[in-house]
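Following: one structure in structure tokens, then a few remarks.
Laid out in structure tokens, this is it:
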């Protein structure tokens, strides 16, 4: 799934139902969860603010390439990522494609620890 690209929504696009979302969640690392608001999320821990910022900037490059932008908050030593398709008011396969790309980015980072 990480080689796939996020697609542009069409009039026929719809959000995933619960069974579909849980099935797609199993394709990701165990770092990801679906919260009560039906949003995909994870939190990563870093050694300091600069490492967290550098990771956010790496994610932003992927997000721009995919035209699918996660909600990100960060501070000293942490990055929180939330994926959700606002236009559909739910999860879409694009969210899982982005999560997989972020997983791959995480695996390539030697300075990253999970919370």
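Residue numbers (this note's numbering): -10 to 104. All C-beta atoms, glycine included, are put in the ideal place defined by N, C-alpha and C.
Query, Result
"How many whole angstroms separate the CB atoms of residue 63 and residue 41, which I take to be in contact at a CB cut-off of 8 Å?", "5 Å"
"So, with DSSP's three-state summary, where would you put residue 25?", "coil"
"Can you give me the C-alpha to C-alpha distance between residue 60 and residue 7, rounded to a whole angstrom?", "21 Å"
"Which term fits residue -7, buried or exposed, when burial requires 16 or more other beta carbons within 10 angstroms of its beta carbon?", "exposed"
"Near residue 74, which residues of its chain fall below 7 Å by C-beta distance, leaving aside the five closest residues on each side in sequence?", "4, 80, 81, 83, 84"
"Does the beta-carbon distance from residue 87 to residue 72 come in below 7 Å?", "yes"
"If we call anything under 7 Å between Cβ atoms a contact, is residue 94 one with residue 47?", "yes"
"Counting along the chain, where does the beta strand (DSSP E) carrying residue 17 start and finish?", "Per DSSP, residue 17 belongs to no beta strand (DSSP E) and is neither H nor E."
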